[in-house]
Amino acid sequence: MNLVEIIDHYASVCPDRIVHSYRGSSLTYLQLKERSDALASYLIDTYGEDKTPIVVFGHKQHEMLICFLACVKSGHAYIPIDESLPVQRIRDIIESSRTKLVLEVSGLGSETAEGEFHVLSGNEMNSRIEGYLGKKPSVESQVQKEETYYIIYTSGSTGKPKGVQITLSNLESFVGWGLGLCSLAGTGEVFLNQAPFSFDLSVMDLYLALASGSTLYSIDKTMIANPKELFAFFRQSGVSVWVSTPSFAEMCLADSGFNEELLPALKVLLFCGETLSNNCARKLYQRFSDVKVINSYGPTEATVAVTALHVDREMCEIIEPLPVGYVKNDCRILIVDPEGVPVAEGDRGEIVIAGESVSPGYYRNQEMTAKAFSIRTIDWTGHSKTVRTYRTGDEGYLKEGLLYYSGRIDFQIKLNGFRIELEDIENNLRKLEFIENAVVLPIRKEDKVQYLTAVAVLNRKLEQKEFETVLFIKNELKKYLPEYMIPRKIVLRESIPMTVNGKINRAKLLEEIK
Ligand code: AMP
């Protein structure tokens with residue numbers, strides 16, 4: 112059985128089991144199968160052999176899961192877009208994907224809904240589903256192993272997001288390994304879904320839950336902004352597998368009520384996406400007496416995560432920084448120097464991922480694909496193997512088979528768990544007609560980015576006070592970038608210091624603005 116068949120199979124063995132729980136409403140495995148089959152049948156009738164990817168626009172509604180499965184059952188990759196993105200960003204993604212259809216789970220808004228594509232509104236979708244109930248798409252119509260299953264757009268250094276294509280094979284390889292990690296195959300757990308579906312961290316909870324006949328318990332951005340409401344939902348959630356960024360766990364830990372009384376069923380905490388500090392892991396073990404903390408590492412381009420390990424209580428005390436784990440067995444980690452040559456064990460270098468998890472590349476973006484992806488013949492435990500590889504831009508080292516992460520070699524950062532290319536913000540700032548130049552600096556405390564400061568040079572004097580200009584810049588930027596990418600501080604300056612090679616002197620600038 113492939114992944115989609117496994118998910119469908121739960122509709123026969125446990126039809127009434129809840130697959131998705133959101134704000135007190137639930138969707139069963141049977142409903143998920145019936146509705147996704149119906150929508151897929153409509154898509155097959157309407158689009159036939161045309162397998163252009165389909166955008167699914169929304170947040171945490173049940174329909175998101177129904178649409179994802181309907182797309183892949185009808186042979187289309189899906190592109191999840193979260194409703195929180197600004198209009199221009201949504202338009203950039205829709206344009207670059209050249210999609211012909213947007214499934215509108217949340218309202219798109221009239222500014223976004225216009226273009227060379229069709230929008231199927233929530234109501235229309237429901238009536239198509241009702242009309243096709245009982246129809247079953249054939250297995251041959253589904254996305255096949257080496258075809259793209261989903262495309263997730265992430266921050267791109269050019270100022271436009273880039274779409275990472277993940278195949279069914281990539282995803283199946285991740286799911287098989289992920290279930291083994293938590294020793295959870297088929298046990299009917301409750302997985303926490305914190306990240307929006309447009310981030311690949313959500314793939315971890317979504318597909319580990321669905322592939323094991325478990326329940327996905329979604330929380331949304333309104334709950335996250337309101338801890339009282341969030342904790343009330345936690346209390347009734349029954350969450351047994353926690354999946355989040357360490358930042359989100361740290362936010363919860365700041366409240367002493369975050370403990371095993373709140374989440375008595377909790378067994379496993381799975382982290383990915385940014386550094387898990389010893390302190391955070393230690394605190395989790397203090398609050399939850401009988402849990403397993405797992406640290407995992409990987410980029411969207413290598414399907415969520417490729418290394419992991421159980422960070423036990425003892426490890427939290429004696430190994431700092433914590434390792435990010437052992438590589439899954441159908442992948443390899445290479446540590447290379449700037450020329451791409453592997454370095455000696457224990458030496459630092461760029462982390463290159465090779466093997467089954469690696470994406471075929473960025474969608475409709477050969478230039479970026481060629482920069483980061485390649486096919487290489489590498490040593491594979493005694494023999495050689497030709498595999499896809501991805502240069503992560505991460506720095507790290509291997510010690511006794513364990514990978515350690517030590518930072519970035521470029522201008523990508525993580526802020527509160529969000530992946531951001533600083534050049535993405537800079538390029539969007541430079542688009543504003545009154546800005547001559549701009550630099551964005553991450554402000555760190557103990558190695559963790561706390562917030563962003565943008566330094567901007569204007570090309571003319573504006574007839575307003577400085578704070579008004581700063582506010583204006585922020586508001587302009589919000590038209591192009593998601594909220595989490597808006598710098599907290601904006602400093603206006605006459606010029607930006609340069610190095611002798613004519614590059615922006617970021618170190619000096621950081622000193623100067625302190
Ligand atoms: P994303 O594509 O959003 O998952 O971000 C991938 C990037 O997050 C990686 O390239 C790393 O820079 C960072 N990252 C992922 N997992 C970890 C981890 N366990 N520890 C430190 N950094 C991580």
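Positions in the sequence shown are counted from 1; adding 111 to them yields our numbering. Glycine included, each C-beta is placed from N, C-alpha and C at the ideal position. These figures come from a predicted structure and were not determined experimentally.
Tell me, please, which residues DSSP counts as bridged to residue i.
| i | result |
| --- | --- |
| F382 | S355, N406 |
| Y318 | Per DSSP, none; premise fails for Y318. |
| I118 | According to DSSP, which records beta bridges pairwise, I118 is partnered with nothing at all. |
| R530 | K525 |
| Q637 | An answer regarding residue 637 cannot be provided, because it is not within the stretch 112 to 625 covered by the chain. |
| D193 | G169 |
Please identify the residue among the options whose C-alpha is closest to the C-alpha of residue i.
| i | options | result |
| --- | --- | --- |
| E623 | L552, I430, D127 | L552 |
| G299 | A413, V124, K542, I601 | V124 |
| I429 | S388, S309, I546 | S388 |
| D148 | V130, L180, G135, K171 | L180 |
| K378 | S266, S294, L312 | S294 |
| G135 | N337, D331, F529 | D331 |
| V602 | L621, T386, G460, L543 | L621 |
| F310 | E544, N476, T411 | T411 |
| G267 | P338, R128, P375, K482 | K482 |
| R599 | T503, N616, Q561, V568 | Q561 |
| G460 | D505, Q347, E605, Q523 | D505 |
| L143 | S232, G245, Q305 | G245 |
| E251 | N113, A413, Q477 | N113 |
| E450 | V581, I462, K439 | I462 |
| S367 | S232, Q575, L395, K614 | L395 |
| D127 | G324, T414, S329, I607 | G324 |
| R62 | K559, K614, E547, D521 | Here the chain comprises residues numbered 112 to 625, so residue 62 is not present and cannot be evaluated. |
| K211 | V198, V568, C182, S238 | C182 |
| Y243 | G287, F578, E227, R146 | R146 |
| M362 | T278, F342, V438 | F342 |
In angstroms, rounded to a whole number, what distance separates the CA positions of residue i and residue j?
| i | j | result |
| --- | --- | --- |
| V275 | A322 | 22 Å |
| Q253 | I155 | 10 Å |
| I118 | M315 | 15 Å |
| T259 | V167 | 15 Å |
| S517 | P434 | 10 Å |
| A296 | V130 | For A296, the predicted structure reports a pLDDT of 49, less than 50, and the residue's modelled location is therefore unreliable. The matter cannot be settled from this model. |
| Y501 | R571 | 43 Å |
| S221 | V404 | 45 Å |
| S495 | L292 | 27 Å |
| L327 | L303 | 6 Å |
| Y121 | Y140 | 6 Å |
| Y515 | G436 | 7 Å |
| T265 | N281 | 18 Å |
| M236 | F529 | 31 Å |
| N527 | G384 | 10 Å |
| Y318 | N337 | 27 Å |
| E116 | F484 | 31 Å |
| G108 | S468 | Here the chain has residues from 112 to 625 only, and residue 108 is not among them. |
| K354 | Q305 | Note on residue identity: the sequence assigns Val, not Lys, to residue 354. Whole-angstrom Cα-Cα distance: 7 Å. |
| E340 | R346 | 10 Å |
| I464 | K585 | 37 Å |
| L231 | P248 | 20 Å |
| S470 | R499 | 8 Å |
| S329 | Y153 | 27 Å |
| K625 | E534 | 21 Å |
| Q255 | L176 | 19 Å |
| F382 | Q575 | 46 Å |
| I597 | K589 | 7 Å |
Tell me the residue span of the alpha helix (DSSP H) that contains residue i.
| i | result |
| --- | --- |
| K184 | 173-184 |
| D156 | 140-158 |
| T326 | Where T326 is concerned, there is no enclosing alpha helix (DSSP H), although the beta strand (DSSP E) it sits in stretches over 326-329. |
| G242 | 233-243 |
| L621 | 617-624 |
| N389 | 389-398 |
| A343 | 338-348 |
| N586 | 577-588 |
Between which two residues does the beta strand (DSSP E) holding residue i run?
| i | result |
| --- | --- |
| N443 | Asn is not the amino acid found at residue 443; the sequence shown has Arg there. 442-447 is the extent of the beta strand (DSSP E) around R443. |
| V216 | No beta strand (DSSP E) holds V216; DSSP gives it neither H nor E. |
| R604 | Per DSSP, R604 belongs to no beta strand (DSSP E) and is neither H nor E. |
| A567 | 559-569 |
Is there at least one Cβ from chain C nearer than 8 Å to residue i's Cβ?
| i | result |
| --- | --- |
| V422 | Absent from the structure is chain C; it holds one protein chain and no more. |
Check: Pairing CB atoms from the stretch 193-212 with CB atoms from the stretch 586-594, are three or more of them under 8 Å?
Finding: Yes: the two stretches touch, three or more of their Cβ pairs being nearer than 8 Å.
Item checked: Three-pair Cβ contact test at 8 Å for the stretch 202-219 versus the stretch 480-497 -> Short answer: they don't touch.
Check: Using 8 Å as the Cβ pair cut-off and three pairs as the minimum, do the stretch 352-361 and the stretch 151-168 touch?
Finding: Counting Cβ pairs under 8 Å, fewer than three are found: no touch.
Note to self: Using a Cβ distance threshold of 8 Å, determine whether the stretch 392-406 contacts the stretch 362-375, with at least three qualifying pairs required.
What the structure shows: Between the stretch 392-406 and the stretch 362-375, the count of C-beta pairs closer than 8 Å reaches three or more; the two stretches touch.
Note to self: Closer than 8 Å is the cut-off here; do at least three beta carbon pairs connect the stretch 506-525 with the stretch 441-449?
What the structure shows: Using a C-beta cut-off of 8 Å, the stretch 506-525 makes contact with the stretch 441-449, since at least three inter-stretch Cβ pairs fall below that distance.
Next item on the list: Check whether the stretch 170-177 touches the stretch 210-229, taking contact to mean three or more Cβ pairs, one atom from each stretch, closer than 8 Å.
Entry: The stretch 170-177, when compared against the stretch 210-229, does touch it at the 8 Å Cβ threshold.
Note to self: Any contact between the stretch 469-480 and the stretch 450-459? By contact I mean 3 or more CB pairs, one from each, below 8 Å.
What the structure shows: The stretch 450-459 and the stretch 469-480 do not touch, with fewer than three beta-carbon pairs separated by less than 8 Å.
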